[in-house]
Amino acid sequence: MRRWTGPSTRTPSRDRSPPGATLRHWTRSLAGPAFAGMALLFASPHSAQDSLPPAPYAYRQLDDPAQEAKAQALMETLRCLKCQSQSIADSDAPMAGDMRSQVRQRIAAGEDPEAIRAWLVERYGDYVSYAPRVTSLTWPLFALPLLLLLTAALLLRRRFGKGDGG
Amino acid sequence: MSEQQKPRPWALWLPLALFGAFVVVVLFGLLRPAEREVASAMIGKPQPQFDLRPAVPDRPGLARADFTAGKPRLLNIFASWCIPCAVEAPQLARLAGQGVQIDGIAIRDRPEDVAAFLARNGNPFARIGADDVSSVQMAIGSSGVPETFVIDGKGIIRYQHIGEIREDQLPLILDKLKEAGL
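In the order they appear, the protein sequences are chains R and F. Quick note, the working numbering runs 3 ahead of the 1-based positions in the first sequence. Quick note, the working numbering runs 255 ahead of the 1-based positions in the second sequence.
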């Protein structure tokens, strides 16, 4: 049985309007009605929703623009755990709001963004972060393109090398 | 083209075969059921520090210190607005009936809603803390409701059950409690 994962989570976020939002807005406006239909199919008739107001900094930017920029950059690379293909900056799920609030409050308290990411990875694994890391498992992903480029360069040199009459 | 530059027949097909393998891998990833549960990475680690206010007037709140009394306990993450949480209520009641200590954390909930939920579904909890901004939920690596954690007598997280506890899963939960030293 599927777990109840909260009310519809795919509406556009209200707290920001980043540069280049038009394209995203377009894809959303197309996906919106389709998702709404699916949400209706799966939703319970009792439309459960938590009744608490959002966490303090879920929809409120930090007063210091530099800190807000840091928080925003981090939030865009953290996965919303309930919706899973959105960042917490993009999601209206209540838990994403709680995560945003926590990120902003920690940044305001002077914590380093990468320390906050590490804290979350310690709890949810690499899955929570969209920023790729080089680990014992992922290093081939980084090594392979370099290897391919090198091979290509060697092959090209052999084929088009000077004067070998190729 | 001269004779020695002619590639061997198998080498000619190699790129296509590699591409085919790539397509198979992509299709496999695309068509696999997309449901993914995010497991907590905190299993085997001590509980984080927390101290939550009571979620209802007739039960005390919940703090980390409550879990270090020597016996394993269940920690149930629930909410009154969560439908599977009502589904697992009879199972929690049976566990409580067998003497299992169960503590609850209510996520983003008002006291009157929690009280109504417990009046409707029964109250198996010894203590219930209120987590209004999901902070403890995040600190233990829980990503939804309901989830149930087995905490051993020293406050170490031993097991995470994601989703509602169904009737046929009761033995599993009891086993995990036993492993944790009940």
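C-beta atoms are modelled at their ideal positions from N, C-alpha and C, and glycine is treated no differently.
Practice task
Indicate whether at least one CB of chain R lies closer than 8 angstroms to the CB of D306 of chain F.
Solution key: By this cut-off, D306 of chain F is not an interface position.
Practice task
Find out if the Cβ-Cβ distance for the pair V400 of chain F, I332 of chain F is shorter than 8 angstroms.
Solution key: Taking 8 angstroms as the cut-off, the Cβ atoms of V400 of chain F and I332 of chain F count as close.
Exercise for the section: To the nearest angstrom, report how far apart F277 of chain F and M102 of chain R are at their CA atoms. Expected result: Roughly 37 angstroms between the two C-alpha positions.
Practice task
Classify N331 of chain F as helix, strand or coil using the three-state DSSP reduction.
Solution key: Reduced to three states, the DSSP call for N331 of chain F is strand.
Exercise for the section: Decide if the stretch 338–357 of chain F is in contact with the stretch 317–330 of chain F; the criterion is three or more beta carbon pairs, one per stretch, under 8 angstroms apart. Expected result: Yes: the two stretches touch, three or more of their Cβ pairs being nearer than 8 angstroms.
Problem - Rounded C-alpha distance that separates S50 of chain R from G275 of chain F - result: At S50 of chain R, the pLDDT of 38 sits below 50, so the modelled position is not reliable and the matter cannot be decided from this model.
Practice task
Quick one: grab the DSSP three-state call for S390 of chain F.
Solution key: S390 of chain F falls in the helix class under three-state DSSP.
Exercise for the section: In the DSSP assignment, find the unbroken alpha helix (DSSP H) run with G352 of chain F in it and report its ends. Expected result: G352 of chain F -> alpha helix (DSSP H) spans 344–352.
Practice task
Give, in chain order, every residue of the stretch 64–92 of chain R whose Cβ lies closer than 7 angstroms to some Cβ of chain F.
Solution key: Hits within the stretch, in order: L84, K85, Q87.
Handout entry: Interface residues of chain R facing R375 of chain F [CB-CB closer than 7 angstroms]
Key = Chain R residues near R375 of chain F: none, gap ~12 angstroms exceeds 7 angstroms.
Practice task
Look at Q415 of chain F and A334 of chain F and say whether their C-beta atoms are less than 8 angstroms apart.
Solution key: Taking C-beta atoms as the reference points, Q415 of chain F and A334 of chain F fail to come closer than 8 angstroms.
Practice task
Compare the C-beta of G164 of chain R against all C-beta atoms of chain F and say whether one is closer than 8 angstroms.
Solution key: Not closer than 8 angstroms to any Cβ of chain F, the Cβ of G164 of chain R fails to qualify, so no.
Handout entry: Test: D95 of chain R CB closer than 8 angstroms to a CB of chain F
Key = No, its Cβ sits nowhere closer than 8 angstroms to a Cβ of chain F.
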